[in-house]
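Colleague: Add 666 to the 1-based position in the sequence shown for the working numbering, that's all there is to it.
All C-beta atoms in this analysis are idealised placements derived from N, C-alpha and C, irrespective of residue type, glycine included.
I am attaching a structure below and will ask some questions about it afterwards.
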Amino acid sequence: MGAPRTPNFRMRQLGRTLRRLREQAGLNQNEVGDRLRFSNSKMSRVEQGRLSNYHEFLALLDLYGVIVADYNEYLTIFDRANEKGWWRAYGLDDRGFVSIEADASVVRNYELGFVPGLLQTETYIRNSFATARVPLRGERLENQIAVRLRRQLRLTEEPRLTVHALIDESVLRRPICDPGQLRAIAQRAALPNVTVRVLPNDATAHGGLYSNFIVVNFPDAAEPGLAYVEYGFGSVEIEQEQEVRAARLLFDHLTDLALSERDSLALVEQLATGT
Numbered sequence: 667m668g669a670p671r672t673p674n675f676r677m678r679q680l681g682r683t684l685r686r687l688r689e690q691a692g693l694n695q696n697e698v699g700d701r702l703r704f705s706n707s708k709m710s711r712v713e714q715g716r717l718s719n720y721h722e723f724l725a726l727l728d729l730y731g732v733i734v735a736d737y738n739e740y741l742t743i744f745d746r747a748n749e750k751g752w753w754r755a756y757g758l759d760d761r762g763f764v765s766i767e768a769d770a771s772v773v774r775n776y777e778l779g780f781v782p783g784l785l786q787t788e789t790y791i792r793n794s795f796a797t798a799r800v801p802l803r804g805e806r807l808e809n810q811i812a813v814r815l816r817r818q819l820r821l822t823e824e825p826r827l828t829v830h831a832l833i834d835e836s837v838l839r840r841p842i843c844d845p846g847q848l849r850a851i852a853q854r855a856a857l858p859n860v861t862v863r864v865l866p867n868d869a870t871a872h873g874g875l876y877s878n879f880i881v882v883n884f885p886d887a888a889e890p891g892l893a894y895v896e897y898g899f900g901s902v903e904i905e906q907e908q909e910v911r912a913a914r915l916l917f918d919h920l921t922d923l924a925l926s927e928r929d930s931l932a933l934v935e936q937l938a939t940g941t
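Right under this line is the structure:
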């Protein structure tokens, strides 16, 4: 058996919906578990979004007093929670950042080493994987390129992803960031849902020198945001509210140190033209 799926945004949304319906029905988890022969641990999993059995879902709706005429709204949530993400066709599972970003509404991305993935050209993507400690080749390389390019569709297709990209100036001056990549950054920055700011090399010492990081928010206000940190030999997803708030505050602080949008794009264009 494979590892259990980590509840993603849609699964957690299903769990919150079922918890809300249970509370509206005036039932606690033990009462529901007793009536449906669910263990306490299973009821806990259900409200975390780990329910994939269609008939059990219908039994819960019936127990919670939902009338059949109102089922469609909840069946839509159930079906979305159990959909396989498009990234699975490329060999990825639900435990990485791609599945998180797919349901996000706002992404704040601070990059110390690379151009943010959503702004990268195919040439940049290919070169960055080719120069990695363990270079990707063949089908694995092509799959990674295809995934990154498909992620970028969120910038122009509804529902559009709002992106705040904060890029260290050193990223723009590396040889891998060629004029084509620089022009692509400027083009993306012209989109109404994309903001690009550059943190200049002469900025004072700051907390962003430790690592890059991403702060994510979701369209459902009930879904807490999270922070994501990727480093040279792994990554970590942070959900603790206090730490996510600290990441957001750090992003705001770094933004205050950055060039204005206008001056940032002027620098990008200057580097692109070599003037």
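(1) Taking 6 Å as the limit between beta carbons, can you name the residues of its chain near Ala850, skipping five residues before and five after?
(2) Is Leu796 helix, strand or coil by DSSP?
(3) Express the C-alpha separation of Ala691 and Gly731 in angstroms, rounding to a whole number.
(4) So the candidates are Ala869, Ile766, Val862, Arg676; which of them puts its Cα closest to the Cα of Arg746?
(5) State the DSSP-derived secondary structure class of Ala855, mapped to helix, strand or coil.
(6) From the DSSP output, in three-state form, read off Tyr730 for me.
(7) Along the chain, where does the beta strand (DSSP E) that runs through Ile620 open and close?
(8) Kindly indicate which residue of Val864, Ala893, Phe899, Gln714 has the alpha-carbon position closest to the one of Ala770.
(9) Since I believe Leu832 is in contact with Arg854 (beta carbons under 8 Å), could you give me their beta-carbon distance rounded to a whole number of angstroms?
(10) Near Arg928, which residues of its chain fall below 8 Å by C-beta distance, leaving aside the five closest residues on each side in sequence?
(11) Within the same chain, show all residues whose beta-carbon is closer than 8 Å to that of Leu802, passing over the 5 residues directly before and after it, in chain order.
(12) Look at the alpha carbon of Gln906 and the alpha carbon of Asn748, and state the distance between them as a whole number of angstroms.
(13) Starting from Asp834, trace the beta strand (DSSP E) both ways and give me its first and last residue.
(14) To the nearest angstrom, how far is it from the Cα of Gln908 to the Cα of Pro890?
(15) Cα separation between Gly668 and Asp759?
(16) Using a threshold of 9 Å, state whether the C-beta atoms of Leu778 and Val837 are closer than that.
(17) Less than 9 Å between the C-beta atoms of Leu916 and Tyr776, yes or no?
(18) At what residues does the alpha helix (DSSP H) containing Asn706 begin and finish?
(19) Where does Tyr876 sit, in a helix, a strand or coil, going by DSSP?
Modeller: From the atom records:
(1) Working through the sequence shown from its first residue, we reach residue 850 at position 184. Hits under 6 Å: Thr787.
(2) Here residue 796 is taken as the residue at index 130 of the sequence shown, counted from 1. Note that residue 796 is Ala in the sequence shown here, rather than Leu. Correct three-state label for Ala796: helix.
(3) Working through the sequence shown from its first residue, we reach residue 731 at position 65. Working through the sequence shown from its first residue, we reach residue 691 at position 25. So the alpha carbons of these two residues sit roughly 7 Å apart.
(4) In the sequence shown, counting from the first residue as 1, residue 746 sits at position 80. For Arg746, the nearest C-alpha among the options comes from Arg676.
(5) For the purposes of this step, residue 855 is taken as the residue at position 189 of the sequence shown. Here Ala855 sits in helix by DSSP.
(6) Taking the first residue of the sequence shown as 1, we reach residue 730 at position 64. It is coil, neither helix nor strand.
(7) Look at the range of the chain in this structure, 667 to 941, and you will see that residue 620 is not part of it.
(8) Mapped onto the sequence shown, residue 770 falls at position 104. Ranking the options by Cα distance to Ala770, first place goes to Ala893.
(9) On the sequence shown, residue 854 is found 188 positions in, with the first residue counted as 1. On the sequence shown, residue 832 is found 166 positions in, with the first residue counted as 1. Contact doesn't hold; Cβ gap of about 14 Å is too wide.
(10) Looking up residue 928 in the sequence shown gives position 262. Excluding sequence neighbours, Arg928 sits near nothing in its chain.
(11) What you label residue 802 is simply residue 136 of the sequence shown in a count that begins at 1. These residues qualify, in order along the chain: Phe795, Ala796, Gln810.
(12) Looking up residue 906 in the sequence shown gives position 240. Looking up residue 748 in the sequence shown gives position 82. Near 25 Å, if we compare the C-alpha coordinates of Asn748 and Gln906.
(13) In the sequence shown, counting from the first residue as 1, residue 834 sits at position 168. Unbroken beta strand (DSSP E) run through Asp834: 828 to 834.
(14) Mapped onto the sequence shown, residue 908 falls at position 242. Mapped onto the sequence shown, residue 890 falls at position 224. Rounded to whole angstroms, Gln908 to Pro890 spans 11 Å at the Cα level.
(15) Indexing the sequence shown from 1 puts residue 668 at position 2. Indexing the sequence shown from 1 puts residue 759 at position 93. Interpretation of Gly668 is limited by its pLDDT of 45, a score under 50 that renders its predicted location unreliable; the figure taken from the coordinates is listed afterwards. Cα to Cα, the separation comes out at about 11 Å.
(16) The residue given as residue 778 occupies position 112 in the sequence shown. The residue given as residue 837 occupies position 171 in the sequence shown. Against a cut-off of 9 Å, the Cβ pair of Val837 and Leu778 comes out as a contact.
(17) Stepping through the sequence shown from its first residue, residue 916 is reached at position 250. Stepping through the sequence shown from its first residue, residue 776 is reached at position 110. Yes. Within cutoff.
(18) Residue 706 sits at position 40 when you count from the first residue of the sequence shown. Segment 706 to 712, the alpha helix (DSSP H) holding Asn706.
(19) The residue labelled residue 876 in the question sits at position 210 within the sequence shown. Here Tyr876 sits in coil by DSSP.
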